[in-house]
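Asker: As they're listed, the protein sequences go chains C and W. Read left to right, the first sequence gives residues 13 to 187 (my numbering). Read left to right, the second sequence gives residues 1111 to 1758 (my numbering). For glycine and all other residues, C-beta sits at the position ideal for the given N, C-alpha and C. Structure below; questions to follow.
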Amino acid sequence: MTEEKKTEENIAEKKEAPIKESKKFFKKAEKHETKEEEYLLGWKRCLADFENYKKRQQENQKSLGEYLKEDSALQILPVIDNFRSATEHVPEEQKEVPWVTGIMYIQKQLEDILKENGVTEMEVKIGDEFNPSLHEAIADNTKDEKEFSNKIARVILKGYKLGEKVIRPARVVVE
Amino acid sequence: MAKILGIDLGTTNSAMAVVEGGSPNIIENKEGNRTTPSMIAISKSNERLVGLLAKRQSVTNPNNTLYSIKRLIGRKFEDEEVQRDLKMLPYKIVKANGGVKVVMGDKEYTPQEISAMILSKMKADAEEKLGEKITEAVITVPAYFDDAQRKATKEAGEIAGLNVRRIINEPTAAALAYGFNKKKDEKIAVYDLGGGTFDISILEVSEDTVEVKSTNGDTHLGGDDFDQIIIRWIIDEFKKQEAIDLSKDSLALQRIKEAAEKAKIELSTAMESEINQPFITTDANGPKHLVMKLTRSKLEELVGDLVAKTLEPTKKALADAKLSVSDINEVVLVGGMTRMPLVLATVEKFFGKKPNISVNPDEVVALGAAIQGGVLQGDVKDVLLLDVTPLTFGIETMGGVRTPLIDRNTTIPTSKSQVFSTATDNQPSVEIHVLQGEREMAIDNKTLGRFILDGIPPSPRGIPQVEVTFDIDANGILNVKAKDKATNKEQSIRIEASTGLSKEEIEKMKKDAEVHADEDKKKKESIEAKNMADTLIYTTEKAMRDAGDKITADEKKPVEEKIEALKKVKDGDDIEIIKKSTEELSLEAQKIGEKLYKAAQAADSAKATTAEGGATPEGEAPKEEVKDAETKDSSDSAKATTDEGKKE
């Protein structure tokens, strides 16, 4: 009786074996399909990232010219600031002396170079409302202010724009 | 699936990055800057200002300009740090619900709400730059932050509209940026010297987890302190020179501050820096100028104590981690101040190994945060980590020169092909000698393998086209193939990734190349000049043979003379003479060429009038073309010919 049962079981097993194998195979195939889709999507995303990066780089290239101009201008501006300081300090009676006027012309040369490259001086006057988009406030410890009225009391350094962009805010004392 | 923003929320400055195409990139803010000051203010007109704008008006509005909020977030009012800040910070800090609140305008805010304002701006700027919505982020915190501080930071992100996927430690982020999370059982020291704080952390990496073993530091030691020392020195020097104390003059002080920072940065690369500030002030005698030189050695003398101060906490951190200096496998540098040569040297001396600073120390934490975001998103999979080749691959070409095919630091997998030709007439085979290294001469590089491609049909030198392809797969296995374009016959060789070169050997090869760069260049130039001479002699002689009696003996004579002259000097060592002779022969040879060309044109226009009338002269001067092609081959270093002599 057990012999028969064993053989029955064997037959049943043998019948099931291919089904089991198929199930295993399909499960594997499913796993591979999922992986395949994941890889394909990942690849597409990577390519898309690359395309977008290229586009951003192209934009950056275009603005590189502007950026270099801005960078050069920012290096020249302190020189112009110092020229201004120099000419401001010239005693009144010396202002017409040729070598003084010569220096002033050199100052003008530098200013012209900036203008030609699209760098413009910002209009800032005493009494203007302080605006952090255009101005940078610095401390003036000759006064003891605890309350500020938000009006510009002194212009220490001029501010400049390159096109529409503020490349250097005007340095001011606010009272 | 939107990008996860990696954010380094710093005490003084913040930065952000995302992963694109598998690697992290810093995102610039709206103002075009890579970092954003961690500052918030309420202006007189009740406008909220964030970042740079807040900084610009801080002087006019000290009570309502908030900064260093990171020092307060998640802390209790009684904390030592808070009590210390109460005295130092100009804005109002109050006790609230066990924690703290800050006063801005007429309202009270939790530190989370303030940090959220910074995070909001960063989120908005990132969205604008990337053109897509950002809803998730990874934010970094110091390794010593406790639960309350981490929770509060996460809250700040949520208030800003960000789902904070992870809060990770700053040193861990730095290690991630270097890929050190892939290491097994290694100990990493992260030395972070920023603008206001110094942090040292000891990490242990194993099986993809990074554990913080210990931390230490000085919460009030940073780049700003270095600047202060330089400013002090400038003021003292000026006092000596002019007997004027500039510290009382806030306008001059502002200029000195900027000049000091500029000098400090310059002295990281130069040995001395000139501080030049004309018209710094005026006295009864007229204007005064601030002009002085600061040398690197003087700077190091001035700040030496500060740098030394960082070693105490470092020793303590090691002790707490129960490690000795020799247990540390890698040192990572974070923070702009670590660029200073004195800091680099001090760290290297202390740890006995070169610290890692190749990733921008100002940006490394944000980049690491972005990588963590990428990992969470599946952008950065182990399986996708790419390598680069550390050394250049190439082959040996005519004259024993190394012609590169794949440059070092090329990301792999990659493939590169180039067409080469033969060096002598009827050369039946070419030998491909595969090399690795940075030197210009083949013999100074490492031989990876050789093989021969034969069966090249008999042709004049420079005519056969052998396409050589170098292909490196993702496992670093190099396949070199040579194919004769005429016969389609090909031969190849496969070289395993294990070239057996250690990190030190690679570094040595690179150094050698640098040291010998000039002499290598000269040698290569010399050989190229000789090659060019050889080729020109060959092509000119051939052209004259082929021209036959189309050229008179008189016309041939000057050319023959130049050929003889060049033959005499080409094997010598004087490159200039070889070049000169080559040039002279070239000019003479051109005259022959011109004549042949004109003759051909004349012949053709005669033909053209009789034939279809569409024939163009261009195609009708084959001799001329052959000559040009060969001259181009010889002078175009990309098309160097292979040296057959070696195979025998």
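In chain order, what residues of the same chain have a beta carbon less than 8 Å from the beta carbon of W/Gly1723, not counting five sequence neighbours either side?
Answerer: Residue confidence is low: W/Gly1723 scores 40 on pLDDT, short of 50, so the model does not pin down where it sits. No coordinate-derived value is stated.
Asker: Please list the partners that W/Phe1389 has in chain C, where partner means a Cβ-to-Cβ separation under 7 Å.
Answerer: Simply Asn94, Ser97, Ala98, His101.
Asker: I'd like to check one pair, W/Gly1161 with W/Lys1231: are the Cβ atoms closer than 7 Å?
Answerer: It is a contact, given that the beta carbons lie within the stated cut-off.
Asker: Am I right that W/Arg1571 and W/Leu1545 are in contact with their C-beta atoms under 8 Å? What's the rounded C-beta distance?
Answerer: Between W/Leu1545 and W/Arg1571 the Cβ distance is about 23 Å, and since that is not below 8 Å, they are no contact.
Asker: Within 10 angstroms of its Cβ, does W/Asn1207 collect 16 or more other Cβ (buried), or is it exposed?
Answerer: Exposed, by the Cβ-count rule.
Asker: Which residue marks the beginning of the alpha helix (DSSP H) containing W/Ile1341, and which one marks its end?
Answerer: Note, W/Ile1341: alpha helix (DSSP H), 1333-1352.
Asker: Buried or exposed for W/Ser1168, please, with buried defined as at least 16 other CB atoms from any protein chain shown within 10 angstroms of its CB.
Answerer: Answer is buried; the Cβ neighbour count reaches 16.
Asker: By the criterion of Cβ-Cβ separation under 7 Å, what are the contact partners of W/Leu1086 in chain C?
Answerer: Missing from the structure shown is residue 1086 of chain W; chain W here goes from 1111 to 1758 and no further.
Asker: Measuring CB to CB, does W/Lys1197 end up less than 7 Å from W/Val1204?
Answerer: Cβ distance not < 7 Å, so W/Lys1197 and W/Val1204 don't count as in contact.
Asker: From the DSSP output, read off the bridge partner residues of W/Phe1561.
Answerer: Paired residue(s): W/Ile1542.
Asker: Residue range of the alpha helix (DSSP H) that C/Ala41 falls in?
Answerer: Per DSSP, C/Ala41 belongs to the alpha helix (DSSP H) from 14-100.
Asker: What in chain W is Cβ-close to C/Leu152, meaning under 8 Å?
Answerer: With the sequence shown as reference, residue 152 of chain C is identified as Asp, and Leu is not the correct amino acid for it. Result: Ser1360, Leu1361.
Asker: Does the beta-carbon of C/His147 have 16 or more other beta-carbons within 10 angstroms, so that it is buried, or is it exposed?
Answerer: Looking at its Cβ environment, which holds 16 or more other Cβ atoms inside 10 Å, C/His147 is buried.
Asker: Going by Cα to Cα distance, which pick from W/Leu1404, W/Val1576, W/Gly1488 is closest to W/Val1529?
Answerer: W/Val1529 has its Cα closest to that of W/Val1576, out of W/Leu1404, W/Val1576, W/Gly1488.
Asker: For C/His147, which residues does DSSP report across the bridge?
Answerer: BP columns for C/His147 point to C/Ala182.
Asker: Tell me whether W/Val1435 is buried or exposed, calling it buried when 16 or more other Cβ atoms sit within 10 Å of its Cβ.
Answerer: Its Cβ having fewer than 16 others within 10 Å, W/Val1435 is exposed.
Asker: On the three-state DSSP scale, how would you describe W/Glu1296?
Answerer: DSSP places W/Glu1296 in strand when its eight states are reduced to three.
Asker: Here's the rule I'm using: 16 or more other beta-carbon atoms within 10 Å means buried, otherwise exposed. How should W/Glu1728 be labelled?
Answerer: Low confidence applies here, because W/Glu1728 scores a pLDDT of 37, under 50, leaving its location unreliable and the question unanswered by this model.
Asker: Along the region 1306-1333 of chain W, what residues have a CB closer than 7 Å to any CB found in chain C?
Answerer: Cβ contacts with chain C come from no residue of the region 1306-1333 of chain W.
Asker: In this structure, how does DSSP classify W/Ser1636 when only helix, strand and coil are distinguished?
Answerer: In this structure, W/Ser1636 counts as helix in the three-state DSSP scheme.
Asker: To which residues does DSSP link C/Arg166 through a beta bridge?
Answerer: C/Arg166 is bridged to C/Val185.
Asker: Which full runs of the alpha helix (DSSP H) of 4+ residues lie inside the region 1439-1508 of chain W, going along the chain?
Answerer: Fully enclosed alpha helix (DSSP H) runs of 4 or longer: 1451-1461, 1474-1487.
Asker: In its own chain, which residues sit with a C-beta less than 6 Å from the C-beta of W/Arg1144, not counting the 5 before and 5 after it?
Answerer: Cβ neighbours of W/Arg1144 beyond the five flanking positions: Ile1136, Glu1138.
Asker: Just checking: is the beta-carbon of W/Ile1170 within a distance shorter than 7 Å of some beta-carbon in chain C?
Answerer: For the record, residue 1170 of chain W in the displayed sequence is Thr; it is not Ile. Chain C, which has a Cβ nearer than 7 Å to the Cβ of W/Thr1170, makes this yes.
Asker: Determine the closest residue to W/Thr1307 out of W/Val1444, W/Leu1454, W/Gly1565, W/Ser1612, with distance taken between C-alpha atoms.
Answerer: Ranking the options by Cα distance to W/Thr1307, first place goes to W/Val1444.
Asker: Using a Cβ distance threshold of 8 Å, determine whether the region 1346-1361 of chain W contacts the region 1372-1383 of chain W, with at least three qualifying pairs required.
Answerer: No: the two stretches stay apart, fewer than three of their Cβ pairs being nearer than 8 Å.
Asker: Along the region 23-46 of chain C, where does the CB come closer than 7 Å to a CB of chain W? Name the residues.
Answerer: Hits within the stretch: zero.
Asker: Short check: CB of W/Ile1566 to CB of W/Pro1538, under 7 Å?
Answerer: For W/Ile1566 and W/Pro1538, yes; Cβs fall inside 7 Å.
Asker: On the three-pair Cβ rule with 8 Å, is the region 1331-1342 of chain W touching the region 1148-1159 of chain W?
Answerer: Too few Cβ pairs lie closer than 8 Å, so no.
Asker: Please confirm whether C/Tyr188 has its beta-carbon closer than 7 Å to some beta-carbon of chain W.
Answerer: Residue 188 of chain C cannot be examined here, being either before or after the span of chain C that is shown, 13 to 187.
Asker: Using 7 Å as the limit for Cβ to Cβ distance, is C/Tyr65 near chain W?
Answerer: True, the Cβ-Cβ gap to chain W drops below 7 Å.
Asker: Is DSSP giving W/Glu1157 helix, strand or coil here?
Answerer: In this structure, W/Glu1157 counts as coil in the three-state DSSP scheme.
Asker: Can the beta-carbon of C/Met134 be found closer than 7 Å to that of C/Ala60?
Answerer: Cβ atoms of C/Met134 and C/Ala60: not closer than 7 Å.
Asker: State yes or no: is the beta carbon of C/Asp61 nearer than 7 Å to at least one beta carbon in chain W?
Answerer: Chain W contact via Cβ: present.
Asker: Can you name the residues of chain C whose CB is closer than 8 Å to the CB of W/Phe1132?
Answerer: The sequence shown places Gly at residue 1132 of chain W, not Phe. Simply Cys58, Asp61.
Asker: Helix, strand or coil: how does DSSP classify W/Asn1291 here?
Answerer: Reduced to three states, the DSSP call for W/Asn1291 is helix.
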